[in-house]
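To get the working numbering, take the position in the sequence shown, counting from 1, and add 16. Note that beta-carbon positions come from the ideal geometry of N, C-alpha and C, so glycine has one too. If you're wondering where the values come from, they're calculated on a predicted model, not measured in any experiment.
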Amino acid sequence: MSDSRQLIIDPNIQHAIAEFKLPDVLGFGKIMAPIMYEACYVNGQWEAGHLKPYGPITVDPCAKVFHYAHTLFEGMKAYRVPTQQTMLFRPLKNWERMVASGKRLCMPEIPQDVFMEGVNAVASYCTPFIPERSGQALYLRPFMFGTEATLGLGVSNSYRYVVVSSPCDVYHTGTIRLLIEREEIRAAGLLGSAKVGSNYAASTFSTTRAKDLGFDQPLWLDPYTRLNIEELSGMNFFAVIDGVLHTPALSGSFLPGITRDSVISLGRSLGFDVVERVMPVETLLRDIQRGRCTEAFASGTAAVICAISEICERNGTVLSLNEAPGHVAQRIRQGLLDIQEGRQEDTFGWLTQVPLESSY
Ligand SMILES: *Cc1c(COP(=O)(O)O)cnc(C)c1O
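The structure is reproduced here in structure tokens:
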């Protein structure tokens, strides 16, 4: 790993920063911060990274990303912890997952210093635009895509790594209603554990159909037997059964969420038993009917913890959980936010400081 990387800073960013005003209403992923990062991989090497004003980028129309979905992404948040600096939550987990996603697409491994240079530089320069109310943060979206301009099928020989960011509110407020998806699958087998664009393309049809029927999201079952619960379209699944937290064991066909991993550790530290196991959907439905399953919730960077109020079938069957977030979901959510927002000591070592802008 080189420590000789030189970040090239476009002087126009000062103007872009001075012009930007943080609006009162943020939503999720709608407002883009005025600075972005871009680095190219050419001839087997990562070139110097550029920090520049946010705006359109130039990509050849024949680039593999447009035709064959050679693209992957990460999602992470920077928090402005009171009295301290800007902090990232477990950023090396995102790097590890980006590398793992890249392997599935035969992309070159992005070096840790390149990944972190982009994330740190954007978070550092965008620190003035990190909103400060609890639940708000700067959502960072690092992504990488194949740029080789040839139409043949195959692995790209050149890539671009870009980091954009968005001052945001939490993704979902309130509870969500899920429709069990018994026909379609979210992702093609083991590609499901990679955060790659094609998986979201594959789930668009079902998601739209679920929304048209009045639900928030599909609840995805495993692609092989379609018997076991896997996850939601961008969040992992948890249920509270007889007071114990249950979540599907990683199967290789759904996304290993960093929030999921954090909920497991935090849950145990708060005194809950946590079980990772195969979760047949029929068993869960029975547990809800019998009153043994008292809560279900979803976890993810964007939404943190989102309570599930109903799990439904296409034939009209509705299994109701709490209308309001249950007490386990609330405790976990508060515990996570307290660490992320600096109210609680970070005993897990999950927070990483972003370098000050003056250090660039
Ligand atoms: C990103 C994502 C998650 C959540 O992962 P986190 O690391 O917790 O943000 C879960 N499922 C899918 C399909 C995702 O894309």
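Reduced DSSP category for residue 62 - H, G, I as helix; E, B as strand; rest coil
strand
Tell me whether residue 308 sits in a helix, a strand or coil according to DSSP, three-state version.
Here residue 308 sits in coil by DSSP.
Is any heavy atom of ligand 1 found at a distance shorter than 7 Å from the C-beta of residue 160?
no
Which whole-angstrom value describes the C-beta separation of residue 231 and residue 309, a residue pair presumed to lie in contact below a C-beta threshold of 8 Å?
That pair is no contact at about 19 Å.
Just grab the DSSP bridge partners of residue 233 for me.
194
First and last residue of the uninterrupted alpha helix (DSSP H) at residue 138:
128-141
Taking only the alpha-carbon atoms, compute the straight-line gap between residue 82 and residue 164 and give it to the nearest angstrom.
Those two C-alpha atoms are separated by around 10 Å.
Using the Cβ count rule (16 or more neighbours within 10 Å means buried), how would you classify residue 364?
exposed
Would you say residue 146 and residue 94 are within 8 Å of each other, going by their C-beta atoms?
The answer is yes: Cβ separation under 8 Å.
What does a CB cutoff of less than 6 Å around residue 376 pick up in its chain, not counting 5 residues either side in sequence?
If you ignore the 5 residues before and after residue 376, its C-beta comes within less than 6 Å of no other C-beta in its own chain.
Burial state of residue 199, where buried means 16 or more other Cβ atoms lie within 10 Å
exposed
Whose CA, out of 253, 222, 330 and 209, lies closest to the CA of residue 113?
209
Going straight from the alpha carbon of residue 122 to that of residue 337, what length do you get?
42 Å
Considering only C-alpha positions, which residue in the set 306, 25, 161 and 179 is nearest to residue 171?
Among 306, 25, 161 and 179, the Cα nearest to that of residue 171 belongs to 161.
Using only the alpha-carbon positions, how far apart do residue 17 and residue 301 sit?
In this prediction, residue 17 has a pLDDT of 44, which is less than 50 and means its spatial position is unreliable; what the coordinates show is noted afterwards. Roughly 50 Å separates the two Cα atoms.
Length-filtered (3 minimum) beta strand (DSSP E) runs lying within the segment 58-112:
66-69, 87-89, 92-96 and 102-105
Span of the alpha helix (DSSP H) around residue 38:
No residue range can be given for residue 38, since it is assigned to no alpha helix (DSSP H) and is classified by DSSP as neither H nor E.
Beta-carbon separation (whole angstroms), residue 54 vs residue 178, contact threshold 8 Å
5 Å
Where does residue 145 fall in DSSP's three states?
helix
Nearest-angstrom Cα separation, counted from residue 275 out to residue 181
Residue 275 has its alpha-carbon roughly 19 Å from the corresponding atom of residue 181.
Can you give me the Cβ contacts of residue 119 inside the same chain, cut-off strictly under 7 Å, excluding the 5 residues immediately before and after it?
The same chain holds no residue with a CB closer than 7 Å to that of residue 119 once the five nearest residues on each side in sequence are set aside.
Within the continuous alpha helix (DSSP H) that includes residue 226, where are the two ends?
From DSSP, the alpha helix (DSSP H) with residue 226 extends over 213-228.
Please identify the residue among 260, 152 and 166 whose C-alpha is closest to the C-alpha of residue 345.
Here the closest residue by C-alpha is 260.
Where does residue 115 sit, in a helix, a strand or coil, going by DSSP?
Residue state, collapsed to three classes: helix.
Roughly how far, in whole angstroms, is the beta-carbon of residue 45 from the beta-carbon of residue 141, given that I think they are within contact range, below 8 Å?
At roughly 19 Å, the Cβ-Cβ gap does not stay under 8 Å, so residue 45 and residue 141 are not in contact.
Considering only residues of the same chain and omitting the five flanking positions on each side of residue 280, which have a CB-CB separation below 6 Å?
290
Do residue 211 and ligand 1 come close, with the Cβ less than 7 Å from some heavy atom?
Yes, Cβ of residue 211 sits closer than 7 Å to a heavy atom of ligand 1.
What is the rounded straight-line gap between the Cα of residue 222 and the Cα of residue 234?
Distance between the alpha carbons of residue 222 and residue 234 is about 7 Å.
Hey, out of 305, 213, 80 and 189, whose CA is closest to residue 91's CA?
Nearest of 305, 213, 80 and 189 to residue 91, Cα basis: 213.
Taking DSSP's pairing of strands, which residues face residue 315 in a bridge?
252 and 321
Does the Cβ of residue 244 lie closer than 7 Å to at least one heavy atom of ligand 2?
This structure does not include ligand 2; its bound ligands are ligand 1.
By DSSP, does residue 345 sit in helix, in strand, or in coil?
Residue state, collapsed to three classes: helix.
How is the alpha helix (DSSP H) around residue 279 delimited, first residue to last?
274-285
Got a sec? Which residues, its chain only, sit under 8 Å from residue 43 by beta carbon, not counting five neighbours each side?
184 and 185
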